[in-house]
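First the structure, in the form of structure tokens, and then the observations on it.
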Amino acid sequence: MKKNILWMIFLCLMIQIVGCTVEKNEYNIIPYPQDLIELDGQFIINNTCKVLYSGSQSSSFVAQSFCDFIQPATGISIDPQEVVGGDIPEGTICFYEDSTIKGIEGSYQLEITPEKILVKSNNSVGLYYGFQTIRQLLPVVVESNEKCNNIDWTVPCATINDAPELSYRGLHLDVGRHFYPVDFIKKYIDLLALHKMNVFHWHLTEDQGWRIEIKKYPKLAEIAAFRDETLIGDGGTSNPKYDGKRYGGFYTQEQAREIVKYAADRFITVIPEIELPGHAQAALAAYPEFGCVGGSYEVAKRWGVSKEVYCAGNEKSFEFLEDVLLEVMDIFPSKYIHIGGDECPKDRWNECPKCKNRMYEENFKDAHELQSYFIGRIEKFLNKHGRNIIGWDEILEGGLAPNATVMSWRGIKGGIEAAKQKHNVIMTPNSHFYLDHYQNNPEKEPLAIGGFLTLQKVYSYNPFSEELTKDEMKYIIGVQGNLWTEYMPTSDHVEYMAYPRACAISEVGWLPFEKRNFEKFSIRMKRHFKRLDLLGVNYFNKVLMPKASVSKVEFIESETLEFSNVSFNANLYYTLDGTIPDQTSKLYKEPIVIDKEGVVKAIAINEEGEESEVLVIKAVKLQFIEGKSAVGNSKGLNSKLCLGKFSSCDEVDVAEGDYYPVLNIQIPNNAPQYNFGIVLEGKLKIHQNGLYKFRLGSDDGSMFYLNNNLVIDNDGDHGMEYKNARLALNKGVYPVKFVYFQGTGGEGLKFEVETPDGSKIDEFTEFLSH
Ligand SMILES: [Zn+2]
1 MKKNILWMIF LCLMIQIVGC TVEKNEYNII PYPQDLIELD GQFIINNTCK VLYSGSQSSS
61 FVAQSFCDFI QPATGISIDP QEVVGGDIPE GTICFYEDST IKGIEGSYQL EITPEKILVK
121 SNNSVGLYYG FQTIRQLLPV VVESNEKCNN IDWTVPCATI NDAPELSYRG LHLDVGRHFY
181 PVDFIKKYID LLALHKMNVF HWHLTEDQGW RIEIKKYPKL AEIAAFRDET LIGDGGTSNP
241 KYDGKRYGGF YTQEQAREIV KYAADRFITV IPEIELPGHA QAALAAYPEF GCVGGSYEVA
301 KRWGVSKEVY CAGNEKSFEF LEDVLLEVMD IFPSKYIHIG GDECPKDRWN ECPKCKNRMY
361 EENFKDAHEL QSYFIGRIEK FLNKHGRNII GWDEILEGGL APNATVMSWR GIKGGIEAAK
421 QKHNVIMTPN SHFYLDHYQN NPEKEPLAIG GFLTLQKVYS YNPFSEELTK DEMKYIIGVQ
481 GNLWTEYMPT SDHVEYMAYP RACAISEVGW LPFEKRNFEK FSIRMKRHFK RLDLLGVNYF
541 NKVLMPKASV SKVEFIESET LEFSNVSFNA NLYYTLDGTI PDQTSKLYKE PIVIDKEGVV
601 KAIAINEEGE ESEVLVIKAV KLQFIEGKSA VGNSKGLNSK LCLGKFSSCD EVDVAEGDYY
661 PVLNIQIPNN APQYNFGIVL EGKLKIHQNG LYKFRLGSDD GSMFYLNNNL VIDNDGDHGM
721 EYKNARLALN KGVYPVKFVY FQGTGGEGLK FEVETPDGSK IDEFTEFLSH
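FYI, the UniProt record's numbering numbers position 110 of the sequence shown as 110, with every residue one higher than the one before it.
Next up, the structure:
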């Protein structure tokens with residue numbers, strides 16, 4: 001009997017070992033299908049395979065696209081054939097369009113067995129997406145332009161039922177700030193197709209350059225498409241330097257049509273954007289008569305928002321724009337035309353006699369209504385020609401044009417408001433989808449506009465805000481990543497900013513929030529990088545420094561320290577002895593307990609051994625402080641109010657002032673709006689021994705002293721900013737002092753304490769005396 005058991009164990013082990021040698025099927029699809037059942041076995045594409053299609057023209061087109069795609073790498077040439085008699089024999093890949101199948105546009109069913117591959121859909125887009133899924137299931141070298149030998153062209157078996165969550169999944173490109181060649185635009189579109197995205201939003205006009213040929217207005221190409229020189233470095237500089245080089249270019253109508261066709265062959269719509277009424281400086285350099293001041297415009301050489309906008313009081317500027325849009329509509333068959341509508345300063349309109357006259361005649365109360373009028377007129381014109389407008393969320397100001405779709409970029413507020421007004425919305429919030437933001441420590445990266453946006457954050461986006469009802473949510477039709485190119489002078493740089501973040505956007509648009517999982521996405525992404533390598537994509541893939549819950553660990557007995565991994569495909573390692581961690585150091589799995597003074601260092605390292613920067617956190621054991629004062633005779637604090645312009649708390653401290661009592665830690669009621677300082681002094685009673693967490697927020701500067709020692713330094717001329725400190729305090733009465741100053745702009749002073757039992761206090765009347 002014993003012998004038999006041993007034999008059984010041996011047999012089991014053998015099965016496991018033998019099982020391991022069979023390569024496991026992998027399903028590294030981005031965006032991941034809604035519903036995928038993994039099956040054993042593989043379909044093999046070889047010379048004997050047939051590619052079939054059902055009767056429709058579009059299924060024949062998709063079948064041909066598939067054959068054209070696999071030919072270079074596999075060397076397998078297949079001529080697709082029509083299915084005869086509904087019979088799909090073994091060894092075939094069949095693209096079957098069938099109007100009886102249910103499903104929204106882009107939905108498809110895919111059955112992969114060792115015998116055949118069958119893609120079914122009621123629409124050609126769905127068949128094309130089925131092709132993209134098969135493409136991503138093939139060995140990555142299928143992307144190669146040269147024939148690869150000794151490869152088994154296997155497709156792992158699966159049953160897939162797939163459909164996009166959102167009907168609009170886009171990527172934008174600003175070609176105004178920098179101009180990119182037609183071949184790059186095609187590559188950009190190819191990558192959208194790979195990720196089942198369906199809109200290329202082509203931002204064609206800017207203050208710094210007009211990029212589309214308009215036959216009726218040839219000076220747009222001759223003058224507006226070129227600037228004399230370009231700003232070097234950061235756009236925020238007050239001492240601008242220029243490169244002295246003429247820069248520009250434009251797409252001919254023929255090239256634009258070629259791009260539209262190229263995209264349509266990949267089931268992608270090109271939505272052109274002609275900015276109005278703002279971002280018009282380049283156009284006005286060519287045709288100054290359509291601006292309010294009528295002359296001395298130049299194509300902008302530096303970044304930022306220009307005051308030079310189309311004149312809203314001049315009928316001729318509307319004629320110009322309508323002529324332009326007629327030619328644009330002739331090139332671009334898209335249902336939508338993007339008309340911009342963002343960042344239109346009203347300075348010129350408020351001074352211009354024509355614009356003022358228009359406001360007077362139309363009985364507008366301000367220039368926002370004039371902007372609304374402008375957009376409304378253009379919308380009417382486009383609606384008359386069977387098109388709808390999309391505009392940036394500024395088009396909400398002064399009232400939304402009746403059929404407009406809103407692109408919410410200044411966060412999600414505009415999108416929510418538009419959805420509540422029953423307008424379609426495309427979510428492209430700068431918090432999650434502005435791909436011009438940094439993806440790493442700025443010191444390690446080429447100059448960007450600012451911000452910090454990791455792949456993980458992009459992926460975490462949920463387009464359906466809780467502020468919307470279910471009925472309102474149906475107006476959220478899509479998502480889009482935006483690439484503003486002030487700081488992306490080359491095509492390579494555009495790709496570096498776009499990828500892999502655009503991969504995450506594709507999945508945000510495709511999969512419902514609850515079906516997404518960043519860890520699983522990261523694993524698929526790793527394989528996907530090999531595909532992007534073969535496609536020659538210059539993507540970002542650096543290991544990012546971990547983040548910590550605190551900048552310093554201060555403890556009495558012990559304290560936990562938590563790290564978060566903002567990289568993907570990387571593990572976190574740490575040391576507690578001040579040495580630089582490596583792969584042999586402790587692997588971070590859960591918050592660590594710190595009970596000794598010293599230096600904690602953490603690092604992220606990926607499987608290739610690439611390392612992030614080292615995060616350094618100091619651990620400090622807090623010594624208990626004694627409070628030996630006596631409680632004062634009066635309640636609250638004594639406050640000194642000093643009038644004048646201050647730039648630091650120290651100046652306030654020594655300034656002359658008048659004294660008033662205050663009950664809480666607050667700005668006294670009799671303080672003016674601007675230019676004053678206060679000093680609050682008195683005693684704070686502490687009831688229990690333990691760790692106290694202090695938080696001091698102010699706009700502008702503030703400081704907090706306890707026992708005559710500076711505890712929080714939040715000094716300086718700044719907006720609302722918070723600083724924290726921890727102290728171990730014994731029961732007792734402590735002298736405290738707060739110093740604060742307000743210059744101009746917003747004001748605020750906020751003090752909070754978390755006590756050892758975890759309760760939070762921001763009302764201190766009962767603890768204060770002086
Ligand atoms: Zn005007």
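For each residue, glycine too, the CB sits at the ideal point set by N, CA and C.
{"query": "T154 vs L39 beta-carbon contact at 9 Å", "result": "no"}
{"query": "Proximity of Q253 and E213 at Cβ, strictly below 9 Å", "result": "yes"}
{"query": "Residue from N424, K413, C355, P156 with nearest C-alpha to I389", "result": "N424"}
{"query": "Three-state class that DSSP yields for V155 in the structure shown", "result": "strand"}
{"query": "Neighbour-count burial assignment, Y722, 16 or more Cβ in a 10 Å radius", "result": "exposed"}
{"query": "Residues near I117 in its chain [Cβ-Cβ closer than 6 Å; skip 5 each side]", "result": "F43, I93"}
{"query": "R348 Cβ short of 8 Å to ligand 1 heavy atom set", "result": "yes"}
{"query": "Ligand 1 heavy atom lying under 8 Å from the CB of residue 771", "result": "The first residue shown for the chain is 1 and the last is 770, placing residue 771 beyond what the model contains."}
{"query": "Residues of its chain near G376, where Cβ-Cβ distance is below 7 Å and the 5 sequence neighbours each way are ignored", "result": "A401"}
{"query": "Distance between P463 and K589 (C-alpha atoms, nearest Å)", "result": "31 Å"}
{"query": "Enclosing alpha helix (DSSP H) for Q253 [first to last residue]", "result": "253-264"}
{"query": "Sequence-distant residues of its chain with Cβ nearer than 7 Å to residue 781 (five each side left out)", "result": "This structure gives no information on residue 781, because the portion of the chain shown stretches from 1 to 770."}
{"query": "Residue environment, V270, which counts as buried when at least 16 other CB atoms sit within 10 Å", "result": "buried"}
{"query": "Neighbourhood of K645 by C-beta distance below 6 Å, restricted to the same chain and skipping five residues each side", "result": "N675"}
{"query": "Assigned secondary structure, I189 (DSSP; H/G/I helix, E/B strand, else coil)", "result": "helix"}
{"query": "Residues near D243 by beta carbon distance below 6 Å, same chain, minus five either side", "result": "E229, T230, I232"}
{"query": "Where A671 sits in the DSSP three-state scheme", "result": "coil"}
{"query": "Distance cut-off 8 Å: K245 Cβ against heavy atoms of ligand 3", "result": "By its list of ligands, the structure shown excludes ligand 3, since it contains just ligand 1."}
{"query": "For R227, three-class secondary structure by DSSP", "result": "strand"}
{"query": "Classification of P164 by the beta-carbon crowding that lies within 10 angstroms, buried from 16 upward", "result": "buried"}
{"query": "DSSP three-state assignment for L382, whether helix, strand or coil", "result": "helix"}
{"query": "Proximity of I337 and A256 at Cβ, strictly below 9 Å", "result": "no"}
{"query": "C-alpha distance - G701 paired with L166, whole-angstrom precision", "result": "46 Å"}
{"query": "DSSP three-state assignment for Q623, whether helix, strand or coil", "result": "coil"}
{"query": "Contact test: residue 790 Cβ vs ligand 1 heavy atom, cutoff 8 Å", "result": "The shown model of the chain, from 1 to 770, leaves out residue 790, and the question about it has no answer."}
{"query": "K354 Cβ short of 8 Å to ligand 1 heavy atom set", "result": "yes"}
{"query": "Buried versus exposed call for L684 [16 or more other C-beta atoms within 10 Å across all chains shown]", "result": "buried"}
{"query": "C292 CB to nearest heavy atom of ligand 1 below 8 Å", "result": "yes"}
{"query": "K356 versus E379 - alpha carbon distance", "result": "22 Å"}
{"query": "Continuous beta strand (DSSP E) stretch holding L534: start and end", "result": "Note, L534: premise wrong, no beta strand (DSSP E); alpha helix (DSSP H) at 518-534."}
{"query": "Alpha-carbon spacing of V550 relative to L325, whole angstroms", "result": "54 Å"}
{"query": "C355 - DSSP class collapsed to helix/strand/coil", "result": "helix"}
{"query": "From I101, K196, G75, residue whose alpha carbon lies closest to that of F131", "result": "K196"}
{"query": "Every unbroken alpha helix (DSSP H) inside the UniProt domain \"PA14\" (632-770) [4 residues or more]", "result": "649-654"}
{"query": "First through last residue of the beta strand (DSSP E) which encompasses D40", "result": "35-44"}
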